[in-house]
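Structure first, commentary second.
Protein chains in written order, with the numbering used here: chain Z, 1 to 341; chain H, 342 to 682; chain Y, 683 to 1023; chain S, 1024 to 1364.
Below, the structure is given as structure tokens:
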């Protein structure tokens, strides 16, 4: 039985509390939040929880094995550092931190202390993404030419981070999993329409090894909520629409074949395949349930963490470099992760 | 009664023939095509048409008032030039030419000879685009912050022009009409996945006067056909989905209001409006019918042409500069139209 | 502060427990269920709850003001009767009972004891249905000609009740609210494809006062989940699609006008109006939250109950008569509610 | 080369003219219409056509092999009879006639004179219906339990026939093909909301051999145009949405299995299968092109006609009996085709 303390029970924290409570081999003993109101609300739902406005009580509590952090991102580094130094395993909401220097420090700190550090990149635990991974690994789509994603909606604007830091972590995390690698270069443009200096629209292009490109369009200024990812492979194409209730993944038996002719004309002959569409049934299951179970499993069974601090750091570094490219007017910049492999 | 000759009856020409024949004040007397098969097919549909493989017969025919050209783009300049020099009005399919030098020459040639020169930018005659123009001009959307369009499908790849020249003319033409101006700068990236050196995916960003931006995503490599344009205004937002049969335009009573507070906190307060959606009924009517009628009206009544050679040249120049930006790795480039205003 | 006891914490009961706990002026003190597993599960979520396998402990508990019943329908009558006789207010899941004799008895019993009796017809508390009611009452749609609903999906088959008892209660309850009356006659056909004698497909036609008809198509045998209701009014038409996330209600400015000509031809002239579509924004809000609040309000403030036992009885009687019509091969049968008005 | 004359060039006739002209082994030599305007319009499109207001000129013309009739249905019988008596093959728009007595007479007349009689049941030539037929014949769906169709829209009201005669011919024709049989009984209800005595809403239930049922909902009073057919088979389910541009057919790997247990409990155990969805690519091709080609092929190669007069008569008889059931308040009535087999 693993005992957890949760810091931050505002927007997302209550979901984590509920999910960890429902895990058979875990219990949440205490929560902390700066807001007395939030603590009272949580107490009314879970009267047995110890509540405090001082997170130090959780970190100092010898009965607590792991700390779950769901605060604004600017507090992540300090809280995680203290928890790791106190010998606790740490689960942090994404993004890991707001600077790659900090995220790299956390990677190293967890490693030195032999503790589990995990980031809440929930999509890595969703049936949709795992199904796509399965199809890719089985070679169903052939080689991936490029992936393109649109993640837009109206607001919620944030006053400390731009739309890239708000929405793109999901896509970078997903692509790193699906493409089994990390981007080498990035090239990005952004625009600030509503608040000066805080981009609300961004277009990012990441280069992955093997010439594979990933485009990401993020926006806080679109009337419709769209979360749509297109994968173009040499054999088939796939569209993942996360806003669809029942048909999230569609596999198109479509493609383009290139026939090279080494004759005098040197023409390319292209053959188009238009074919059936296949919509695979997905497993049921709340990603957050799988995610919280995975964290516990990493602690008890020492399995490798799918959304480790290293993974989280790679996402942070990619975001940071993309924003640097935006400031440089779209210049392509290499991404240096500084991770010991 | 205006008598027309049509050069090129391959893919699009037959539509022009049919529409001009159906106009009450016009007649098509002759057609030319390099392919004998096409001429025979057209004869079986319209036995009264004179057919020839030599387009010169049409240009030299004193009974013909106007020449309609629907050939591959590389032949546009030569044919249009000869027709104008022979004193014929000219209707050309889009894009006007494949170089801005040539398109500028045609603009001037038509002007010097006092002849009507029109480009087949059909969207300028579609009920959807005209409805959006009406809503914009009435101020319903407020000031436009930005427009964004996705025009993608699988193929048809072309071997002489890239996806930018193939698909983006529509959007530039539409934006120039809607925003009542022409872009000043462009910044573009493109990728060649299937054929070397012929881009099949492109992302273009045009800057219009007043800081308004227009993003265009074109692709020959998407499993779904998408033609979707989003206009984000200060009052409302609008989505134009040209692939929808019955609900092409949706007006969202959504928006973001910025309340500036000049207090010590200097914070921006943002208020989101989420509201009703309105789907206006559009007029019926085939754009091509309106377009062909407009050409005749320009000749007979001397009205100003909505898709004049000058409009066509502005599109060509914007395309050309976008492709230059792609070759320069995405550098922003000013667009110099060299038009006497 | 009202104290409640909940009998039945299987499929739907936990939602009621959660919602009543979250109401500021109520508390749940005890729950009962035949299954020890369910009680343990509920205890893990809400450790403060008293649990028992014997529902009598709740009914006999003088500290409990009201009993909430979420058991299979066959137990409804017995449990509600005992609770009312013990002086408790009663909230019952729909349908009220499985026979109109029983439901009428409960109506009278609650009335005699001056207790609140309410049925969980949740749709009467949904923002969508209330919005439609508002539009109808404002006369936006004109006079209603007919309403038609499709409520189909695959399974879940039940072994004690047919698809009519399973799915049609929602529609009858909604129509009675919207049309502000109860049906006078019914005419129904049903078919048993999978289990003998348990209909899995049904087509019901109810006649409301004023010649208004309501068609209901229910099925457990459709590959798609559909919940769609069409209201055809003399001025406008409305479609309510409960499976749509963001566009549940669409108002069509469409209609048919009849112009009578009392001339020799005696012809009817019909004019079609095709017009805009309007999608009103709906209030947020969980229907179950509004429903549970309403139950408490009925107790404390003596307001009239929107989904009273009388309403529930009218639904039961309509269902019962529809099933009688099915057994009679579709014969039209008058519905006799036997309610004192 | 087969020479045709076309009677009636109003709404649908021009499509038939165009399609027959485009067939390589046919020519249209003459057309007739009561309206001089329509004849002039057709002449402007096809200057070589002989036009007349007197249909007798076509029937008496010895150079004409076959007569195509696209007039209002009330004229069908008289025109077809005269054409057959003059030794012409006949193509008639659906429904064949407005009475089964007349349609039976035409069946016999064509047979006696050894002439081809074909009805324009276009759906029998559509790629969608033929694909479904192929799937059914291959056993992919298992045994068909029931089929259900919704064919509704707003107007166009007609003043001589009701909505059943207007819309249901399509479905009956399709079902007869798919189920490879004809309905034995029908049970129908209808309502007249707008014009007295002319039903604008109808619900029909046909019984096919083997206990298979077919439900048809037709309406002129629905704001949306819907053409959707659901086939529920023992193995899979299929939905055919004719209003979808690209995904007309969806095959659901869903179903219900019944496991009978002959034990003391005698319970039915139901197993639900939820599975993938498959959207087959359909052949391109205009149904009218295939239909007109088939008519010519029936004449030249003596192949059996897919939409023969006998097929058309079966549709007429089913419609007639359905309307009789409506007049009898929904009574089930056997359908007696009186066809010699």
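Quick reminder that beta carbons are idealized off the backbone N, C-alpha and C, glycines included.
*Grouping DSSP H, G and I as helix and E and B as strand, with all else coil, what is residue 1316 (chain S)?*
One-based indexing of the fourth chain puts residue 1316 (chain S) at position 293. Here residue 1316 (chain S) sits in helix by DSSP.
*What's the C-alpha gap between residue 712 (chain Y) and residue 688 (chain Y)?*
Along the third chain, one-based indexing puts residue 712 (chain Y) at 30. Along the third chain, one-based indexing puts residue 688 (chain Y) at 6. Taken atom to atom, the span from the alpha-carbon of residue 712 (chain Y) to that of residue 688 (chain Y) is near 7 Å.
*Can you list, in chain order, the residues of the region 1061-1074 of chain S whose Cβ is nearer than 7 Å to any Cβ on chain H?*
Of all residues in the region 1061-1074 of chain S, 1070 and 1071 have a Cβ within less than 7 Å of some Cβ in chain H.
*Which residues bound the alpha helix (DSSP H) around residue 174 (chain Z)?*
Here residue 174 (chain Z) refers to the residue found at position 174 when the first chain is read from its first residue. Its alpha helix (DSSP H) spans residues 163-178.
*asked:* For a quick check, are the C-beta atoms of residue 617 (chain H) and residue 917 (chain Y) less than 8 Å apart?
replied: One-based indexing of the second chain puts residue 617 (chain H) at position 276. One-based indexing of the third chain puts residue 917 (chain Y) at position 235. Not a contact, by the Cβ cut-off of 8 Å.
_Coarse secondary structure for residue 288 (chain Z), derived from DSSP in three states_ = Taking the first residue of the first chain as 1, we reach residue 288 (chain Z) at position 288. Looking at residue 288 (chain Z) - three-state DSSP - the assignment turns out to be helix.
*Residues bridged to residue 890 (chain Y) [DSSP beta-bridge criterion]*: Along the third chain, read from residue 1 onward, the residue named residue 890 (chain Y) stands at position 208. Paired residues: Y:894.
*With DSSP collapsed to three states, give me the class of residue 375 (chain H).*
Counted from its first residue, the second chain places residue 375 (chain H) at position 34. Note: residue 375 (chain H) maps to coil in three-state DSSP.
_Under 8 Å, Cβ to Cβ, is there at least one residue of chain H near residue 924 (chain Y)?_
As a first step, residue 924 (chain Y) is located in the third chain; it is residue number 242 there, counting from the start. False, the Cβ-Cβ gap to chain H never drops below 8 Å.
_Beta-carbon spacing of residue 435 (chain H), residue 461 (chain H) below 8 Å_ = Taking the first residue of the second chain as position 1, residue 435 (chain H) is located at position 94. Taking the first residue of the second chain as position 1, residue 461 (chain H) is located at position 120. Yes, the pair counts as a contact, with Cβ atoms nearer than the cut-off.
*Between which two residues does the alpha helix (DSSP H) carrying residue 110 (chain Z) extend?*
Indexing the first chain from 1 puts residue 110 (chain Z) at position 110. That run of the alpha helix (DSSP H) goes 100-112.
*asked:* On a Cα-Cα basis, can you pick out the residue from Y:812, Y:836 and Y:1000 that is closest to residue 867 (chain Y)?
replied: Working through the third chain from its first residue, we reach residue 867 (chain Y) at position 185. The residue with the shortest Cα to Cα distance from residue 867 (chain Y) is Y:1000.
_Determine, for residue 355 (chain H), whether the minimum Cβ-Cβ distance to residues of chain Y falls below 8 Å._
Within the second chain, residue 355 (chain H) is the residue found at index 14, counting from 1. Taking Cβ atoms only, chain Y never reaches closer than 8 Å to residue 355 (chain H), which makes this a no.
*Residues of chain B with a CB under 7 Å from the CB of residue 1298 (chain S): which are they?*
Included in the structure are the protein chains Z, H, Y and S, with no chain B among them.
*Of the residues S:1313, S:1338 and S:1254, the one placed nearest residue 1038 (chain S), counting alpha carbons only*: Position 15 of the fourth chain holds residue 1038 (chain S). Here the closest residue by C-alpha is S:1313.
*For residue 196 (chain Z), name the three-state secondary structure that DSSP assigns.*
As a position in the first chain, residue 196 (chain Z) is number 196, starting the count at 1. DSSP places residue 196 (chain Z) in coil when its eight states are reduced to three.
*Simplified DSSP assignment, three categories, for residue 348 (chain H)*: By 1-based counting over the second chain, the position of residue 348 (chain H) is 7. In the structure shown, residue 348 (chain H) sits in a strand (DSSP, three-state: E or B).
*Is the region 1134-1148 of chain S touching the region 1241-1261 of chain S, taking contact as three or more C-beta pairs under 8 Å?*
no
*Measure how close the beta-carbons of residue 641 (chain H) and residue 408 (chain H) come, nearest whole angstrom, since I'm counting them as under 8 Å.*
Indexing the second chain from 1 puts residue 641 (chain H) at position 300. Indexing the second chain from 1 puts residue 408 (chain H) at position 67. Rounded, the Cβ-Cβ distance is 16 Å, inconsistent with contact.
*Nearest neighbour of residue 154 (chain Z), chosen from Z:189, Z:219, Z:332 and Z:19 [CA to CA]*: Reading the first chain from its first residue, position 154 is the one you call residue 154 (chain Z). The shortest Cα separation from residue 154 (chain Z) among Z:189, Z:219, Z:332 and Z:19 belongs to Z:219.
_Three-state secondary structure assigned by DSSP to residue 260 (chain Z)_ = Within the first chain, numbered from 1, the residue matching residue 260 (chain Z) stands at position 260. Confidence at residue 260 (chain Z) is low in this model, with a pLDDT of 47, below 50, so the placement of that residue should be treated as unreliable; the coordinate-derived value is given next. Residue 260 (chain Z): strand per DSSP, three-state reduction.
_Among H:590, H:488, H:519 and H:433, the one whose alpha carbon lies nearest that of residue 412 (chain H)_ = Numbered from its first residue, the second chain carries residue 412 (chain H) at position 71. Considering only alpha carbons, the answer is H:433.
*Of the choices Z:47, Z:245, Z:27 and Z:109, whose alpha-carbon is the least far from that of residue 65 (chain Z)?*
The residue you call residue 65 (chain Z) lines up with position 65 of the first chain. Of Z:47, Z:245, Z:27 and Z:109, the residue nearest in Cα terms is Z:27.
_DSSP three-state label for residue 905 (chain Y), please._
Here residue 905 (chain Y) refers to the residue found at position 223 of the third chain. Strand, per DSSP.
*asked:* Which residue wins for smallest C-alpha separation from residue 678 (chain Y), given the options Y:968, Y:843 and Y:799?
replied: In the structure as shown, chain Y begins at 683 and stops at 1023. Residue 678 (chain Y) is therefore absent and cannot be evaluated.
*Is there at least one Cβ from chain Z nearer than 8 Å to residue 662 (chain H)'s Cβ?*
Numbered from 1 along the second chain, position 321 holds the residue referred to as residue 662 (chain H). Residue 662 (chain H) does not count as touching chain Z.
*asked:* Let me see if you follow: with CB-CB separation under 8 Å, is residue 1214 (chain S) close to chain Y or not?
replied: Locating residue 1214 (chain S) in the fourth chain gives position 191, counting from the first residue. Cβ-Cβ to chain Y under 8 Å: yes for residue 1214 (chain S).
*What are the complete alpha helix (DSSP H) segments, minimum 4 residues, inside the region 458-489 of chain H?*
The alpha helix (DSSP H) runs lying completely inside the region 458-489 of chain H and spanning 4 residues or more are 468-478, given in chain order.
*Of the listed residues H:410, H:676 and H:579, nearest to residue 486 (chain H) (C-alpha basis)*: Residue 486 (chain H) sits at position 145 when you count from the first residue of the second chain. With distances taken between Cα atoms, residue 486 (chain H) lies closest to H:579.
*Could you check the C-alpha separation between residue 625 (chain H) and residue 468 (chain H) for me, to the nearest Å?*
Here residue 625 (chain H) is taken as the residue at index 284 of the second chain, counted from 1. Here residue 468 (chain H) is taken as the residue at index 127 of the second chain, counted from 1. C-alpha separation (whole angstroms): 7 Å.
*Give the C-beta separation of residue 77 (chain Z) and residue 115 (chain Z) to the nearest angstrom, bearing in mind that I take them to be a contact with Cβ-Cβ under 8 Å.*
Start at 1 with the first residue of the first chain, and residue 77 (chain Z) comes out as number 77. Start at 1 with the first residue of the first chain, and residue 115 (chain Z) comes out as number 115. Between residue 115 (chain Z) and residue 77 (chain Z) the Cβ distance is about 16 Å, and since that is not below 8 Å, they are no contact.
_Beta-carbon proximity list for residue 1036 (chain S), same chain, < 7 Å, skipping 5 on both sides_ = Locating residue 1036 (chain S) in the fourth chain gives position 13, where the first residue counts as 1. For residue 1036 (chain S), where only same-chain residues beyond five positions count, the Cβ hits under 7 Å are 1029 and 1093.
*To the nearest angstrom, how far is it from the Cα of residue 183 (chain Z) to the Cα of residue 661 (chain H)?*
One-based indexing of the first chain puts residue 183 (chain Z) at position 183. One-based indexing of the second chain puts residue 661 (chain H) at position 320. Straight-line Cα distance between these residues: approximately 31 Å.
*Buried or exposed: where does residue 1287 (chain S) fall if 16 or more other Cβ atoms within 10 Å of its Cβ makes it buried?*
Residue 1287 (chain S) sits at position 264 when you count from the first residue of the fourth chain. Note that residue 1287 (chain S) scores 34 on pLDDT, short of 50, meaning its location in the model is unreliable; the coordinates nonetheless yield the value given after this. Per the 10 Å Cβ criterion, exposed.
*asked:* Just to check my reading of the structure: residue 295 (chain Z) and residue 110 (chain Z) have Cβ atoms closer than 8 Å, yes? What is that Cβ distance to the nearest angstrom?
replied: As a working mapping, residue 295 (chain Z) is identified with position 295 in the first chain. As a working mapping, residue 110 (chain Z) is identified with position 110 in the first chain. Actually they do not touch by this definition, with Cβ atoms about 13 Å apart.
*asked:* If you reduce the DSSP assignment to three classes, tell me which class residue 1264 (chain S) lands in.
replied: Residue numbering aside, residue 1264 (chain S) sits at position 241 when the fourth chain is read from its first letter. DSSP places residue 1264 (chain S) in strand when its eight states are reduced to three.
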